Amino acid sequence: MTAQIDLQNIDKHYGAFHALKGVSLSIEKGSFVALVGPSGCGKSTLLRSIAGLETITSGEMSIAGKAMNGVPPRHRDIAMVFQSYALYPHMTVEENLTYSLRLHGVGKAEAKAKAAEVAATTGLSALLSRYPRQLSGGQRQRVAMGRAIIRNPKAFLFDEPLSNLDAALRVQMRKEIRALHDRLGATSVYVTHDQIEAMTMADWVVVMRDGVIEQQGRPLDLYDRPVNRFVAGFIGSPAMNFVEATVSEDGGGVVLAGGERIPLGTPVEPNRKVLVGMRPENLRVAQGPASFHFEVGNVESTGSATYLTSTDGALQLVQTERLGFSVGDRVGLDIDPALIHLFDPQTGARI
Amino acid sequence: MRRFLASLRDGVGFDILLVGAAMVFLLAMAGLPLIYNVLMSFQQVDMFTLGSLIRPWAGFQNYIDVVRAPEFWMVTRNTIIFVFFSMAGQFVIGFALALFFAQNFPGASTIRGLFLVSWVMPGLVVGAIWSWILAGDFGVLNTILKSLGIIQSNVFWKSDPSFSIWAVVIANIWLGLAFNMLLLSVGLAAIPRDLYEAAELDGANAFQRFLTITLPMMRSTIGAVLSLGLIGTLQQFDLFPAITEGGPANTSTVAQYWSWQMSFQLYDFAKGATISVMMLVLVLIASIIYVRSTRHEVRG
């Protein structure tokens, strides 16, 4: 596979604010890459830099092998779907779709035919003569995507395209965008703050924080082996539990503040302080002797799953069965040692 | 009675009261004078019938007299020049400045705010200042043009019959510039930034973005600016007494100034009213065109 978009040591300053700090990222042709992180992490800035809407302060950027530093957006051959959709309100759906073609001097008949073709794939055929204000949120979203598709660009950039849709539509559009990506064999970069979107849609997830890439990899690798506490807490829902503990004298377990001991799969350096990360869905209610206990502070049941939260709020547990616990119960817990993540309490790095 | 009072406090009655107050004001202050003015243009009015409402009927005689007046075509030509070039100058330069100040550079909004100066100045003061600038013998404009080598000898802007109307046009462009620029700036600011970004990614260069995004998105603003500009130029009065007084030999007299001369200098109120009614019809036609053109307004 060749890199379609290649970023080397990208830096971006806004005055005194350092938005991107030496970001290097290689995006393979045909892949679907999600940039994910909390707001202000630089993911949108990175996307806009790829589009050329922001000029990078330093670093090398190339698209399809061509250096792109200083190349204006209109010569980058890249399409972008905006969070607001940015449809041209004074143009019909068809005119919105064919805008780029008309700018490039494509003939009227050819543009019309292409618009019809794109409209068919995006389910807009019946709406071609409408104006954006006459469309629902989902339909606008499709027009925005159709406008991107029609040009057959080198890459698609998505800037939180689903955040203005309601939950049900979001789930549906998630699938449609991914299906469209597969059908077109396109290269897509998708910015989102929603890790579920990133996990479900992307082949490759890039987690960012404060202008730095914290970790990148296949979605499940990020879930299974987060490199630090931030990624561990960001990927997965509900978020991972973190408990402070000390490694036992023999290194084969961790001792919690209350004196209870959780066994580890592989021994680590004895007597050191650690942060124990346990995913809520990996915790089990112990059938036999429990390795540790917690007191139920809150019980939420969705029917398919039960969420238990401890009294101090520090620990959460999800079980895909109905549990008959009530507030104040003391519950014995257990976890597969292989599913325990250990982090350094100071640096947050994985041990 | 109690129900009536209650409806005034929190019912339909209160709405009617508010609308009614506005309607009464509008009728008394604008409607009646307008009707009286139209009525007067069809009557014979002289100093003796000035106080009465019912006067001898004149039919269209006043209109015929006005059109046959020796200065009529001169005034018409001047009015067209004044309205067209004032509006064109105000709009084009105002739009250019609005686009310029829409760019992000330090102090953009502060400097734009300073343009308000021309707007808050009384027309008579502006006229007096331009009168000095345009003065033939000691005016600054002549000095500048001469030192740049554009003219060889002094141009007597205000007293040369071929320049007098242009003297007022220049002053009026300056006076109306800020208003045009501010309204157009507001319109520009209302266009979402991401439309430009989307157009840029779609391959539009700056000129194409202006033609395909800015202009169509500004349509209603441009319509409002132009129709307000038309009303503003047809209302512009102060500059004429301050700069040329309509002279020399009516070469800078426009309809509104002529109407004023008729009514308040020659005391021929019927003709003064007639000229103003003719202007009213023109404005009405322009307004109808404007309203019709914005009826199918597209808003996102």
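Here the protein sequences come in this chain order: A and B.
To get the numbering used here, take the position in the first sequence, counting from 1, and add 1.
To get the numbering used here, take the position in the second sequence, counting from 1, and add 1251.
Just so it is clear, CB atoms sit at the ideal spot from N, CA and C, and this is done for glycine as well.
Keep in mind it's a predicted model, so treat the numbers as computed, not measured.
What are the boundary residues of the beta strand (DSSP E) that includes residue i?
i: residue 216 of chain A; result: 213 to 218
i: residue 262 of chain A; result: 262 to 264
i: residue 333 of chain A; result: 331 to 336
i: residue 254 of chain A; result: 254 to 257
i: residue 156 of chain A; result: 156 to 160
i: residue 189 of chain A; result: 189 to 193
i: residue 37 of chain A; result: 33 to 37
i: residue 274 of chain A; result: 274 to 279
i: residue 1518 of chain B; result: No beta strand (DSSP E) contains residue 1518 of chain B, which DSSP labels as neither H nor E.
i: residue 295 of chain A; result: 293 to 302
i: residue 60 of chain A; result: 59 to 64
i: residue 269 of chain A; result: Looking at the DSSP string, residue 269 of chain A is not in any beta strand (DSSP E), and its letter there is neither H nor E.
i: residue 1197 of chain B; result: Here chain B covers residues 1252 to 1551 and nothing more, so residue 1197 of chain B does not appear.
i: residue 29 of chain A; result: 18 to 29
Shorter than 7 Å from the beta carbon of residue i to some beta carbon of chain B?
i: residue 75 of chain A; result: yes
i: residue 101 of chain A; result: yes
i: residue 69 of chain A; result: no
i: residue 104 of chain A; result: yes
i: residue 81 of chain A; result: yes
i: residue 87 of chain A; result: yes
i: residue 91 of chain A; result: yes
i: residue 54 of chain A; result: yes
i: residue 332 of chain A; result: no
i: residue 2 of chain A; result: Confidence at residue 2 of chain A is low in this model, with a pLDDT of 49, below 50, so the placement of that residue is unreliable and no value is reported for it.
i: residue 350 of chain A; result: no
In the DSSP assignment, find the alpha helix (DSSP H) that holds residue i and state where it starts and stops.
i: residue 174 of chain A; result: 168 to 185
i: residue 1470 of chain B; result: 1470 to 1486
i: residue 1424 of chain B; result: 1415 to 1440
i: residue 1463 of chain B; result: Careful: residue 1463 of chain B lies outside any alpha helix (DSSP H) and carries neither H nor E.
Between residue i and chain A, is any beta-carbon pair separated by less than 7 Å?
i: residue 1452 of chain B; result: yes
i: residue 1371 of chain B; result: no
Just confirm the distance between the C-beta atoms of residue i and residue j, as a whole number of angstroms; I'd bet it's less than 8 Å.
i: residue 320 of chain A; j: residue 307 of chain A; result: 5 Å
i: residue 1507 of chain B; j: residue 1486 of chain B; result: 7 Å
i: residue 1475 of chain B; j: residue 1434 of chain B; result: 7 Å
i: residue 353 of chain A; j: residue 190 of chain A; result: Because chain A spans 2 through 352 in this model, residue 353 of chain A falls outside it and cannot be assessed.
i: residue 132 of chain A; j: residue 162 of chain A; result: Wrong, their Cβ atoms sit about 20 Å apart, outside the cutoff.
i: residue 21 of chain A; j: residue 212 of chain A; result: 5 Å
i: residue 84 of chain A; j: residue 137 of chain A; result: The Cβ separation is near 17 Å, so there is no contact.
i: residue 1337 of chain B; j: residue 1473 of chain B; result: That pair is no contact at about 16 Å.
i: residue 139 of chain A; j: residue 123 of chain A; result: The pair is not a contact, with the Cβ atoms about 11 Å apart (cut-off 8 Å).
i: residue 264 of chain A; j: residue 338 of chain A; result: 5 Å
i: residue 1326 of chain B; j: residue 1501 of chain B; result: 7 Å
i: residue 1 of chain A; j: residue 299 of chain A; result: Examination of residue 1 of chain A is not possible in this model, given that chain A is present from 2 through 352 alone.
i: residue 324 of chain A; j: residue 285 of chain A; result: That pair is no contact at about 11 Å.
i: residue 1350 of chain B; j: residue 1479 of chain B; result: Actually they do not touch by this definition, with Cβ atoms about 19 Å apart.
Problem - Minimum length 3: unbroken beta strand (DSSP E) runs contained in the segment 222 to 248 of chain A - result: 242 to 248
Practice task
With a floor of 4 residues, list each alpha helix (DSSP H) that falls wholly inside the segment 1361 to 1408 of chain B, ordered by position along the chain.
Solution key: 1367 to 1371, 1374 to 1384 and 1391 to 1398
Handout entry: chain A contacts from the segment 1463 to 1475 of chain B (Cβ-Cβ distance under 8 Å)
Key = 1463, 1464, 1467, 1468 and 1470
Exercise for the section: Below 8 Å between beta carbons is the criterion; list the residues of the segment 1423 to 1457 of chain B that meet it against any residue of chain A, in chain order. Expected result: 1443, 1445, 1446, 1448, 1449, 1450, 1451, 1452, 1453, 1454, 1455 and 1456
Exercise for the section: Just list the beta strand (DSSP E) runs in the segment 76 to 149 of chain A, keeping only unbroken ones of 3 residues or longer that don't cross its boundaries, in chain order. Expected result: 79 to 82
Practice task
Compile a chain-ordered list of the residues in the segment 1288 to 1299 of chain B whose CB is closer than 7 Å to at least one CB of chain A.
Solution key: none
Handout entry: Contacting positions in the segment 1392 to 1409 of chain B - beta carbon closer than 9 Å to chain A
Key = none
Practice task
Using a Cβ-Cβ cut-off of less than 8 Å, give me the residues of the segment 1343 to 1375 of chain B that come near chain A, in sequence order.
Solution key: none
Practice task
Output the residue ranges of the alpha helix (DSSP H) runs that lie fully inside the segment 1281 to 1322 of chain B and measure 4 residues or longer, sorted by chain position.
Solution key: 1283 to 1291 and 1312 to 1319
Exercise for the section: Would you list, in chain order, the members of the segment 1516 to 1543 of chain B that have their beta-carbon closer than 9 Å to a beta-carbon of chain A? Expected result: none
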